[in-house]
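In the numbering used here, the protein residues as written are 1 to 291.
Here is the structure:
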């Protein structure tokens, strides 16, 4: 309780400095939060596209029905395969008539259906990398009645590269803004220690233990980070509510998962504690050194 009272007293002694520090920390975390919101939605969009990745195998017209049924069972048993859909020749023609309206007259005049039957393999999460998709396509193409297996290799590789790039940028920016927040907290706590240098010296003279002196500053750093994190969360939430209402193009934004927001606020408090510990170790430890 004493440490908490001292930490709160520190805020009251230098309210302007604390407010500026919390505001600066909050701003850096707001930028991080907004980027996280964008990255989360981009990741969700990429994930939706990834879930639609299919390997398509086109069957020869003389494929025996027993072979097709046996192959379907084998394909469904593959660890990488989530589902197998068989599209018959008639279904393929009907789909072409429905989707390719500009060629409806051509398809309507056909005497013989030229479209092949096909297998459509949907892959499980974790098996949608270019290597896994290519391997599944090779397994499908190995059946003697499969004329061709396609999966859009260039498109899959670009999609995977986009996800990797988005993850790398998110990690780099997250680390950068976390470092900025830590430096701001280090400066705040250091100035608070310097402002109370005389008090610390008196406490040292009367025999106060080092931990007794350090605890209020550590708590002050943690509270500064926590308040900055809550401020950033509130501003990010406000932006999430306001911007979609003003711009119809982004009305489908998804809010961050609750685990992310809780982890973000907790991380802000932890960064504050870590930054304060660094500053306290340098300043109080030096002042508390052997006389």
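C-beta atoms are modelled at their ideal positions from N, C-alpha and C, and glycine is treated no differently.
Can you list, in chain order, the residues of its chain whose CB lies under 8 Å from that of residue i, leaving out five sequence neighbours each side?
i           : result
residue 161 : none
residue 124 : 79, 80, 81, 82
residue 260 : 36, 40
residue 267 : 178, 229
residue 95  : 87
residue 240 : 37, 253, 255
Among the candidates the options, whose CA atom is the shortest distance from the CA of residue i?
i           : options            : result
residue 128 : 50, 176, 45        : 50
residue 224 : 240, 274, 257, 65  : 274
residue 77  : 239, 149, 96, 139  : 139
residue 63  : 79, 144, 16, 190   : 144
residue 32  : 237, 253, 241, 280 : 237
residue 117 : 133, 85, 132       : 85
residue 281 : 52, 175, 190, 182  : 190
residue 179 : 20, 207, 24        : 24
residue 55  : 38, 21, 135, 174   : 135
residue 119 : 57, 187, 147, 264  : 57
residue 122 : 137, 61, 114       : 137
residue 272 : 221, 240, 256      : 221
residue 256 : 19, 149, 34, 98    : 34
residue 147 : 186, 167, 133, 61  : 61
residue 203 : 213, 194, 156      : 213
residue 155 : 169, 20, 133       : 133
residue 226 : 185, 279, 87, 65   : 185
residue 17  : 165, 182, 195      : 195
residue 292 : 207, 158, 29, 265  : A query on residue 292 cannot be resolved here, the shown segment of the chain reaching from 1 to 291 and no further.
residue 29  : 170, 279, 172, 264 : 264
Can you tell me where the alpha helix (DSSP H) holding residue i begins and where it ends?
i           : result
residue 140 : 130-141
DSSP state of residue i, grouped into three classes?
i           : result
residue 150 : strand
residue 123 : strand
residue 291 : Here the model assigns residue 291 a pLDDT of 43, short of 50, so the residue's position is not dependable and the matter cannot be decided.
Which stretch, first to last residue, makes up the beta strand (DSSP E) that contains residue i?
i           : result
residue 145 : Element bounds for residue 145: n/a, residue is neither H nor E.
residue 127 : Careful: residue 127 lies outside any beta strand (DSSP E) and carries neither H nor E.
Say the cut is 7 Å; is the CB of residue i nearer than that to a heavy atom of the ligand HEM?
i          : result
residue 90 : Only the bare structure without any ligand can be found here, which leaves the ligand HEM out of the picture.
Whose C-beta lies closer than 7 Å to the C-beta of residue i among residues of the same chain, with five residues either side of it excluded?
i           : result
residue 44  : 254
residue 174 : 32
residue 150 : 56
residue 42  : 166
Give me, in chain order, the residues of the same chain whose beta-carbon lies closer than 6 Å to that of residue i; leave out the 5 immediate sequence neighbours on both sides.
i          : result
residue 59 : 116, 117, 145
residue 92 : 115
Quiz item: Which whole runs of the beta strand (DSSP E) in the region 46-115 are 3 residues long or more, in chain order?
Solution: 54-59, 81-87
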